[in-house]
Structure formats: C-alpha cells, structure tokens
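One line per chain: the protein sequences are Y and G, in this order.
Residue 134 in this note's numbering sits at position 134 of the first sequence; the count goes up by one each step and never skips.
Just so we're on the same page, this note's numbering is the position in the second sequence counted from 1, plus 1000.
Quick notes on the structure that follows.
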Amino acid sequence: MWRDLGLAVLVLLSAAVESNSTSPPGKPVLLSCRSPEKETFTCWWEPGSDGGLPTTYRLYYERERLEGVHECPDYWSAGSNSCFFNKTHTLIWVDYYLTVVASNALGNATSDIFKMDVMEIMKPNVPENVTLLVVETEDSPYLHIRWEHPRNTDTESGWVTIKYELRIKQEKNNKWKEYMSGTQSHFSLYSIAPGGVYTVQVRCKLDHGSWSEWTNSTNVKVPNYVQNERSFWILVATLSAIPFMAAMCTLIVKRENVKQCVLPPVPGPKIRGVDFHLLMSGQSEDSTNALIINQNFPLIVGWKDQMEEYLIVTENDIGPPSDASHCQKRKKSLIIPAGFCSDWEIQCKSTHIQNDCAGGTKNETGNFPKNNKSLSGESLSYMEPSKLQKQQCLGQNFVNTEATDPSPLNYDNAVKPFTNSGYVDIRKHVENTQEVNVKQVDYSRVEDVNGDNVFILNNKNLAFNSSGYMDFQRQEEKLSEDYSRVKEVGSNNVVVLQIQDMSADTKNPHATGAHKMGVCTELINSEYIDTIPAPPLM
Amino acid sequence: MARFWCAVLILACLELSTRVGTAPICSYGQAGCHTPSLADIFDRVIQQSSRMHGISSDLHSEFEQYFFPSKNLIGKPKCHTHGIVTPADKENAQRLGREQLTEVILRLLGAWGDPLLQLYRSMSQDQNQDFNHYSSNKALEISDMVHELRDGVAKMAEKMKLSGVLGNTVGYISPEGLVPSSSFSFYKHGELNSMDHHDLLYCFRRDSNKIKNYLQILKCTTLPGLDC
C-alpha cells in the first residue's frame, strides 16, 4: 500500500516536471570537416539536446592571419547541421578554430574548439564513369578499366595530385584484389579467366589526404571464345589420337608378325651335308656318310669368299657301282653349290667315272662346257633335301656322290675353274621324296664343250616350275633309254640337245667324243645334269 | 632460380631509380656528363619534396602521440617563416607567376636549412627521452633533404633560365637574406626544448607541403602534359 502511494506520487511529479521542462540546449559536438578538392570545405556538427525549445546553431571560426571571429558563411549548401566554406573563405596552410554555439530561449551551449587545417582534411569524391572493356587480342584477352577523376577536382593545374586505387573481384571468390594505379585513370588486368564475371571498384586520394569512398561495383563478363579455340584443339587432338590408338592396337594384336618383321629369326646353324630331318628320323647312315664325305673335301682357298651355298639334293643312289662298265642307271644326286659351279653345270659322277672311264672322264671333262652364264644364287632354287645326300661341288673338281669312293676326282687338267656362279643345274623333281630307291634318272648328255662356255644338251620334257627350273620329268621306265646328247652349241649360250639312242652317235660329228661319251653314257646315264634355264643370258 | 634473380635485379633498379637528388646533376654540361632534361629534373625534385614532406609528417604525428596524447590544444605555434609571403589558395598561386613562385620555393628551402640542423642536434643530444633517441635520424634525414632540394631547385631554375622559360628576375638568393634575423631569434640558440621541437616539426610539415605544391604548380605551368 505504501509502495503504491509512492508510485503515484512519482508519476505525478514527473508529469509536473515534464510539462514545465525547458532548458538550455545541450552542448553540440563538431564532428568533422572535409575538403573534397582543396578549394572548399564543409564542417558538420551534431547537436545536443535542444532542451525542449527551438534551438539555433551557429558556427564561429577564427583563423590564423585573420583578425576577429567570423561566422559560417553558408549553413545550407551542405545540409543540416553543416557549414560550407566556399573558395573565397578557404585558405590552405592556415589554421581554423571552429566552434558551434547552440542557443535557445533559455541559454547557450558552446562546443569545444575544433582546430583544423585544410591540408589535413582532404578527402575527394568518388571517381566517376568507371567503364570495363574486355579487349580480345590474339594471345589472351585482358580487361581494360577506365574511369574519370571526380567531377570537381582540378588535376590539371597541379594544385592537387590525385592517386587512384582499384580492387577487382571475381564472381566466385569473395576476396578483393587491390591494385595501385598511381595518377593514371586507366588500368589493364591481364590473365583473366574466360567466362568469368569481374567486379571492379575504384577510389582515389589527394596528396597525403584520406581515401575516398569506393565507387559502385561495375561488372563485366568475359566471353568464352578462348575456350572455343581451346576446344577446337582438343577436338583435333582427340581425332588424331584415334588412328594412333588403332595403330597401337594392331601392333599389339599382331605383335608376333611385328616381331617377325622387326626381329627376323636368326637362322640356326646348319651343318653342310647333314640333313636335320634325316638325323631326326634316325637314318644315321646317310648322314654319317655325308659327314665323312664332307670332311674329305679339299678346301679351295680362293673361293671362300664366294660362299654362296647352294645345295641341290636329289635322290640318293645307295651303293657304289661295282663295275664301270655297268653304267647302271642310277640315280645320282649331285649337289652343286652355286658359287662353285659357276662354269660347270654338268657334273659327272666321280668315282666310277674315274675308275672306268679315265679317258672318258677327261673327255667328259673336256666336254663339259663352260657356261659363262652367271647365275646368281637367287635364280637357283634350292631344294630342301628331304633325305638325300648333299655334296659340294668344288671348284675344279667334280664331286662324286658315291659314298664308297670318297676320293676326289682330279679334273684339274681339264676342268676349268669356276669363275662365276653360272651353272646349269638339271634338277629332277622328285615326286616321292621319302623313297630313296626311286629309280629316276634325269640326265642330259653334254656333247660338246665350246670355248664360250656353251654346252650342248638335249633337253626333253622341259617342265618349268615356279622357280624357273626346267624339270625333267621322266618316267622311270623310260630312263633307261633316254639320254640326251648335246647336238650343237649355239652362239648365245644355247645348248641343243638331242635325244637319240645310244647307237646313233655316228650322226654326230663329234662322234668319237660322243662315242666316248657313249662309253660313258652308261655312266652318264647315271649322271644327270641339272639344267637351269631362265637365267639371264650374258 | 633465374626468375628470382631477375626479380631481385628489377627491385634493385626500381629502388635506385626512386632515389632522387643523390645523383649529381651536370648543369654546366661537362664532357661525358649526361645532363638530364628539365622534365627529369622536375620529376626528381618533386619526388624529393614529396618524400621530405612524408617524413616530416610522420615525425610530427609521432611526436604528438608521444608527448601530447590527450590531444589538447597546445596553443597557436608561430613559425619563423611566416614572414615569407606565400600564396594560400589556388588562384593566388596561379596568379603569382613562375619567377615569383620559384623565388618563394627557394626562400622556404633556404629558411629551413639551419633550423632543421639545430633540431637534429638538439634531438640527438637529448638522451633522456626515447623519442628523441630513436627519431633523431629522421630529423637528420629531412635536414639533408632540405639541403639537397635547395641545390636541386637552384639548378632547375638555372636550367629554366637557360631554356628561356624563366625570366631573369630570379636572382641569387642567399640563405641569410631570406630569413630575417628577427624571426631566427625566434628559437633559442643552443638548447631547444620539446615545445620548440614540436613547433619546428609542426611548421616544417606545413612548409614542406607548400614547397611540394608550389613545385607541382610550377611543373604543370612550365611543362603541361603528363601527370598534370
């Protein structure tokens, strides 16, 4: 109850006081002064309480080098509670002492003295007309920023020195990046991201004064054209990568073939006269015979550099002939290496020829023509011997395939050395290479040896195979009767053979030779001449 | 690594190029001496004066913070150079003309040579106060700058006279003739107290700003163009 009474009294008193309160104004406060261009300045104050009565505010100032107290020349241009000093009232490098007096009917209130020098209160207006331009050059675009000095600032007379600063922000970041521009009113920003949106703000300051406010944000969007160019190159790269990948895939898939091509297999070593398959099949007799024979061959030093091995194997005739007179028709296999048998195409069986036909052999050798044809090794087909013996035909000697008589023939007198790789090789095409005792003899008889390395043969049943050989396909039953006699020697390394009976040698002018040959015809029958036509005629 | 040394070299070059007034100016055109152009001289001089004003302004604000933190009004300092009539606004400055402006600059510079030296000596001798101990080198720096700037402006005036830009009315101004002795006795010879220091710093801050501003006006009226 007492409390309620106290409250009521309080309320009444306050009401009374309120209705009666007027007081002198409160003390105003001078806030700040500012000169935007070093030619005028403005000062603002904050009024205190007005004390309930209409209060007027006046600003008074004193100035260095000026006698007396003066009042603000302009209270209105700069708004309320402000004082504007125009050019005539503004001096630089002099001190102003300002005071604001608030007065109402009851009294006055004076603010504190505010000392200022225009030199210290400079703060310009914001720069104007900020424009952004994306300059598209060949290499890279850049952002060109232009602006103008604040409207009322005179920068041309040198009275003020204005400096600019700008800040740039990309749309995604929230960080501003600040740049000093000095006194220039433009700026270039390089290395801008295409497709990005940039925001720019500019501000300035005079001499050593304060910075102005930032301008409003200006935005610009950088076009994406650079990316188009980049995407073009990406497209080109992708398209060119596809065939590259395809090539790589084919290489990987066909790597075996690539390996064959790039790294051809090194041919393994082969022993001359030894048939690998023969060895494998276990027919060691022939192979050992071949080895033995091979070992007894005299080496011709001069021909070592012409080691073009050419092995021709025909079927082997096992067993030596017992009697020379029994020139049985046997199949002889002679192997003539190309390098060696350059001049001599016809090989004669060695052993029994020598034994039996000593003169004949000489004749034979004499009859052996010299063929100047140079047959390159490539034109000769080399027959992979299935199971036949191989023998070398040495330079001047004829090699006998007879296993029983390993003695080399001595044909040095009559045999001319091989000078080139030409030879005539009559190869019999063996139908059944597995059989040894196939009694097929192909032979041609050399009738005459001409000085021009021409031999005269009589060819029959020439059959050309793919390698350009003339294959003599002879029936087995005809072999006994068939032999070829060299009829005549042509001029262009032509050999004319004739097939005739053994008895008909008299027709031949070289009948004696032929006869002699006939002596050995049996033997010859067992010989064969591999004719290799289609070499380039010299 | 190469980029680093490149950057170091560039920075060194920039540092050297911003030093104004240290390189001698061959005003007589000696043989083998590259005489800078008038624009170069103007730039050097203005840069030097700007630097000088910056240092003096820093020194003054530090002084006030150290000695008078409450920011009480210290009174109305009177500067010994107030006898030199200087234009206080733009119209007056532009109306003055080049010759008179140059003369005013030279007068101001001449008036401050001795007082600044005295300030430095006084500050360096006063070991009691830390402020004087650590800031005396700044006083020395501005003292040297004033001397260099005075020589530079004199050479610039000579060059302007040679090129006919400046009339011959600007005569040789002796430092003693610029400042009347009455104003120089303003300051006690010998010992200067802190108040004297403050006044000197306050006055010099203002005068260095004037010098810088007058030089800029001179440049823009003589060589209008860039930076104006």
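Glycine included, each C-beta is placed from N, C-alpha and C at the ideal position.
Bear in mind the structure is a predicted one, so any value in this text is a computation, not a measurement.
Next on the checklist: Please identify, using Cβ separations under 8 Å, the residues of the segment 71-97 of chain Y that lie next to chain G, in order along the chain.
Outcome noted: Residues of the segment 71-97 of chain Y that bring their beta carbon within less than 8 Å of a beta carbon in chain G comprise LYS87, THR90, LEU91, ILE92, TRP93, VAL94, ASP95, in sequence order.
Item to check | Contact with chain G by LYS178(Y), beta-carbon distance below 8 Å | outcome: Indexing the first sequence from 1 puts residue 178(Y) at position 178. The amino acid at residue 178(Y) is misidentified as Lys; the sequence shows Glu. No, GLU178(Y) does not count as interfacial toward chain G.
Checklist entry - If you count every other CB in all the chains shown that lies within 10 Å of the CB of ALA109(Y), and 16 or more means buried, which is it? => result Reading the first sequence from its first residue, position 109 is the one you call residue 109(Y). ALA109(Y) counts as buried, since at least 16 other C-beta atoms from the protein chains shown sit within 10 angstroms of its C-beta.
Checklist entry - Of all the alpha helix (DSSP H) runs that stay within the bounds of the segment 1128-1171 of chain G, which reach a length of 4 or more residues? => result Segments of the alpha helix (DSSP H) lying fully in the segment 1128-1171 of chain G: 1130-1162.
Checklist entry - Are the CB atoms of TRP214(Y) and LYS205(Y) nearer to each other than 8 Å? => result Your numbering for residue 214(Y) matches position 214 in the first sequence. Your numbering for residue 205(Y) matches position 205 in the first sequence. No, these two residues do not count as a Cβ contact at 8 Å.
Next on the checklist: Relative to the C-alpha of GLU64(Y), which candidate in TRP93(Y), GLY79(Y), LYS38(Y) has its C-alpha closest?
Outcome noted: Within the first sequence, numbered from 1, the residue matching residue 64(Y) stands at position 64. Per the Cα distances, TRP93(Y).
Checklist entry - For TRP233(Y), which three-state DSSP category applies? => result As a position in the first sequence, residue 233(Y) is number 233, starting the count at 1. DSSP places TRP233(Y) in helix when its eight states are reduced to three.
Checklist entry - Is TYR179(Y) near the ligand HEM, with its Cβ less than 7 Å from a heavy atom? => result Looking for the ligand HEM in the displayed structure turns up nothing, as the structure carries no ligands at all.
Checklist entry - With DSSP run on the structure shown, which of helix, strand or coil describes CYS204(Y)? => result Here the question's residue 204(Y) lines up with position 204 in the first sequence. In this structure, DSSP gives CYS204(Y) an extended state, which the three-state scheme calls strand.
Checklist entry - Is any beta-carbon of chain Y found at less than 8 Å from that of ARG1206(G)? => result Here residue 1206(G) corresponds to residue number 206 of the second sequence, with the count starting at 1. In terms of beta-carbon proximity, ARG1206(G) lines the interface with chain Y, with at least one pair separated by less than 8 Å.
Checklist entry - With ASN104(Y) and ASP50(Y) assumed to form a contact (beta carbons below 8 Å), what rounded beta-carbon distance in angstroms separates them? => result In the first sequence, the residue the question calls residue 104(Y) occupies position 104. In the first sequence, the residue the question calls residue 50(Y) occupies position 50. About 6 Å separates the beta carbon of ASN104(Y) from that of ASP50(Y), a gap short enough to meet the 8 Å contact definition.
Item to check | Coil, strand or helix - CYS43(Y) by DSSP | outcome: Position 43 of the first sequence, counted from the first residue, corresponds to residue 43(Y). Note: CYS43(Y) maps to strand in three-state DSSP.
Checklist entry - Helix, strand or coil: how does DSSP classify LYS546(Y) here? => result Residue 546(Y) lies beyond the range of chain Y shown here (1 to 538); nothing can be said about it.
Checklist entry - In the structure shown, what three-state DSSP assignment does MET1001(G) receive? => result Within the second sequence, numbered from 1, the residue matching residue 1001(G) stands at position 1. The answer is coil: DSSP assigns MET1001(G) none of H, G, I, E or B.
Next on the checklist: Going by DSSP in three states, GLN389(Y) sits in which element: helix, strand or coil?
Outcome noted: In the first sequence, the residue the question calls residue 389(Y) occupies position 389. Reliability of the predicted coordinates at GLN389(Y) is poor, the pLDDT of 40 falling under 50, and no value is obtained from them.
Checklist entry - If we cut at 8 Å on Cβ distances, does GLN1118(G) have a partner in chain Y? => result Sequence index remark: in the second sequence, residue 1118(G) carries index 118 (1-based). So, not an interface residue.
Checklist entry - What are the start and end residues of each continuous beta strand (DSSP E) run of 3 or more residues lying completely inside the segment 104-157 of chain Y, in chain order? => result Fully enclosed beta strand (DSSP E) runs of 3 or longer: 107-110, 114-117, 128-135, 142-148.
Checklist entry - For a contact meaning CB atoms closer than 8 Å, what does TRP147(Y) contact in chain G? => result Position 147 of the first sequence, counted from the first residue, corresponds to residue 147(Y). Under the 8 Å cutoff, chain G gives no residues; its nearest Cβ is about 17 Å from TRP147(Y).
Checklist entry - What does GLY1097(G) pair with, by DSSP beta-bridge criteria? => result Position 97 of the second sequence holds residue 1097(G). Listed as beta-bridge partners of GLY1097(G) by DSSP are no residues whatsoever.
Checklist entry - Does any residue of chain G bring its CB to less than 8 Å from the CB of MET122(Y)? => result Within the first sequence, residue 122(Y) is the residue found at index 122, counting from 1. Chain G, which has no Cβ nearer than 8 Å to the Cβ of MET122(Y), makes this no.
Next on the checklist: Measuring straight from C-alpha to C-alpha, what distance separates ILE1010(G) and LEU98(Y)?
Outcome noted: Within the second sequence, the letter at position 10 stands for residue 1010(G). Within the first sequence, the letter at position 98 stands for residue 98(Y). So the alpha carbons of these two residues sit roughly 50 Å apart.
Checklist entry - Should CYS1220(G) and GLY158(Y) be called a contact, given that it needs their Cβ atoms to be closer than 8 Å? => result By 1-based counting over the second sequence, the position of residue 1220(G) is 220. By 1-based counting over the first sequence, the position of residue 158(Y) is 158. The Cβ-Cβ distance between CYS1220(G) and GLY158(Y) falls below 8 Å.
Next on the checklist: Taking the alpha-carbon of TYR142(Y) as reference, which of HIS277(Y), PRO54(Y), TYR190(Y), HIS70(Y) has the nearest alpha-carbon?
Outcome noted: Along the first sequence, read from residue 1 onward, the residue named residue 142(Y) stands at position 142. Closest option to TYR142(Y), Cα to Cα, is TYR190(Y).
Checklist entry - Can you round the beta-carbon distance between LYS1159(G) and ILE1041(G) to whole angstroms, since I take them to be within the 8 Å contact cut? => result Numbered from 1 along the second sequence, position 159 holds the residue referred to as residue 1159(G). Numbered from 1 along the second sequence, position 41 holds the residue referred to as residue 1041(G). That belief holds up - the Cβ atoms of LYS1159(G) and ILE1041(G) are roughly 6 Å apart, short of 8 Å.
Checklist entry - Who does THR218(Y) pair with in a DSSP beta bridge? => result Here residue 218(Y) refers to the residue found at position 218 of the first sequence. DSSP, once it has assigned bridges, lists VAL200(Y) as partnering THR218(Y).
Checklist entry - Which partner residues does TYR179(Y) have in the DSSP bridge list? => result Locating residue 179(Y) in the first sequence gives position 179, counting from the first residue. Looking at the DSSP assignment, TYR179(Y) forms a beta bridge with LEU166(Y).
Checklist entry - Nearest-angstrom Cα distance between ASN568(Y) and PRO223(Y)? => result As shown, chain Y starts at 1 and ends at 538. That puts residue 568(Y) outside it, with no answer to give.
Next on the checklist: For the segment 190-209 of chain Y, list every residue whose C-beta sits within 8 Å of some C-beta in chain G, in sequence order.
Outcome noted: Listed in sequence order: ASP207, HIS208.
Checklist entry - How should ALA241(Y) be labelled, buried or exposed, when 16 other C-beta atoms within 10 angstroms of its C-beta is the threshold for buried? => result The count along the first sequence starts at 1 and reaches residue 241(Y) at position 241. Exposed.
Checklist entry - What are the boundary residues of the alpha helix (DSSP H) that CYS83(Y) is part of? => result Against the first sequence, residue 83(Y) aligns to sequence position 83. Annotation for CYS83(Y): no alpha helix (DSSP H) segment contains it, though the beta strand (DSSP E) segment containing it runs 82-85.
Checklist entry - Mind checking if GLU156(Y) is an interface residue toward chain G, Cβ cutoff 8 Å exclusive? => result Working through the first sequence from its first residue, we reach residue 156(Y) at position 156. It does: the Cβ of GLU156(Y) has a partner Cβ on chain G nearer than 8 Å.
Checklist entry - How about CYS83(Y) and THR131(Y): are their beta carbons less than 8 Å apart? => result Counted from its first residue, the first sequence places residue 83(Y) at position 83. Counted from its first residue, the first sequence places residue 131(Y) at position 131. Cβ atoms of CYS83(Y) and THR131(Y): not closer than 8 Å.
Checklist entry - So which residues on chain Y does CYS1220(G) lean against when the C-beta distance must stay under 9 Å? => result By one-based count along the second sequence, residue 1220(G) stands at place 220. Under the 9 Å cutoff, chain Y gives GLU156, SER157, GLY158, TRP159.
Checklist entry - Would LYS245(Y) count as contacting chain G if we go by Cβ distances under 8 Å? => result By one-based count along the first sequence, residue 245(Y) stands at place 245. Reading the sequence as shown, one finds Met at residue 245(Y) and not Lys. Answer no: the Cβ-Cβ gap between MET245(Y) and chain G never drops below 8 Å.
Checklist entry - For GLU39(Y), which residues in chain G fall below 8 Å Cβ to Cβ? => result Here residue 39(Y) refers to the residue found at position 39 when the first sequence is read from its first residue. By Cβ distance, chain G contributes ASP1089, LYS1090.
Next on the checklist: I'd like the list of long-range same chain contacts for ALA1157(G), defined as Cβ closer than 8 Å, with 5 residues on each side in sequence excluded.
Outcome noted: Residue mapping note: residue 1157(G) aligns to position 157 of the second sequence, counting from 1. The beta carbon of ALA1157(G) sits closer than 8 Å to the beta carbons of THR1102, LEU1106, LEU1166, VAL1170 from its chain, once the five residues preceding and following it are set aside; these are given in chain order.
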